[in-house]
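Following: one structure in structure tokens, then a few remarks.
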Amino acid sequence: MKKIDYLVVHCSATPAARDIGRAEIEVMHRQRGFRTIGYHYVIRRDGTVEKGRPDNEPGAHVEGFNSRSLGICLIGGVKADGKTGENNFTPQQFAALRHMLANLQHAYPDATVLGHRDLSPDRNRDGKVSPNEWLKECPCFDVGEWLTGHPVAHPAHT
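This is the structure:
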């Protein structure tokens, strides 16, 4: 099994009214020159989980971290203008994410869960990545804060 250091939560940067899935993201990624979809998992608006790349294959979702991470994409993340970040994810998506993270943390117990933006460089070297240092807003919510309020239980304990 390949070493996984990070479970990275992303958003599709699409408005809430646009329910796309794995197939549509794969088309978008191929148009950008990717061989296939860059994410390992996609969570649709209704909470359905769709498989992307195999876990043992490096993703194409966070430059510099792809070989040691898995990418999970929540559909949504921007307002109707298609630009402004927004935590517009559904309760079903968050439930699916919580369940998925529990299973992935069982398989990869040393992996850290974080959002794409949390892997931005710490430009002022103060030990934390601040909003003014984010390269992207993705996934448009604070994954660490969400985990604090919604702890992920080991599958054997759920």
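51 is the number that our numbering gives to position 64 of the sequence shown; each next residue is one higher, with no gaps.
Every residue gets a Cβ at the ideal spot worked out from N, C-alpha and C, and that includes glycine.
Remember, predicted model here, so these are calculated numbers, not experimental data.
Proximity of residue i and residue j at Cβ, strictly below 8 Å
i, j, result
"PRO126", "HIS(-3)", "yes"
"SER(-1)", "ILE7", "yes"
"LEU101", "GLY131", "yes"
"ASN74", "PHE128", "yes"
Assigned exposure category for residue i - 16 Cβ within 10 Å defines buried
i, result
"GLU50", "exposed"
"VAL14", "exposed"
"HIS103", "buried"
"SER56", "buried"
"ARG22", "exposed"
"ARG31", "buried"
Expected contact under 8 Å - CB spacing of residue i and residue j to nearest Å
i, j, result
"ARG9", "VAL29", "5 Å"
"GLY39", "ILE24", "4 Å"
"PHE52", "LEU106", "6 Å"
"GLY46", "GLY58", "4 Å"
Straight-line Cα distance separating residue j from residue i
i, j, result
"LEU134", "PRO2", "23 Å"
"ILE12", "GLU37", "11 Å"
"HIS33", "LEU84", "For clarity, residue 33 is Asp in the given sequence; the question names His instead. If I take the Cα positions, the gap works out to 12 Å."
"ALA98", "HIS48", "16 Å"
"HIS86", "GLN80", "10 Å"
"LYS66", "ARG5", "11 Å"
"GLY72", "LYS(-11)", "33 Å"
"TYR95", "TYR(-7)", "9 Å"
"GLY20", "HIS93", "33 Å"
- Fully enclosed by the segment 33 to 116, which alpha helix (DSSP H) runs are 4 residues long or longer? As far as the segment 33 to 116 is concerned, its whole alpha helix (DSSP H) runs of at least 4 residues are 78 to 94.
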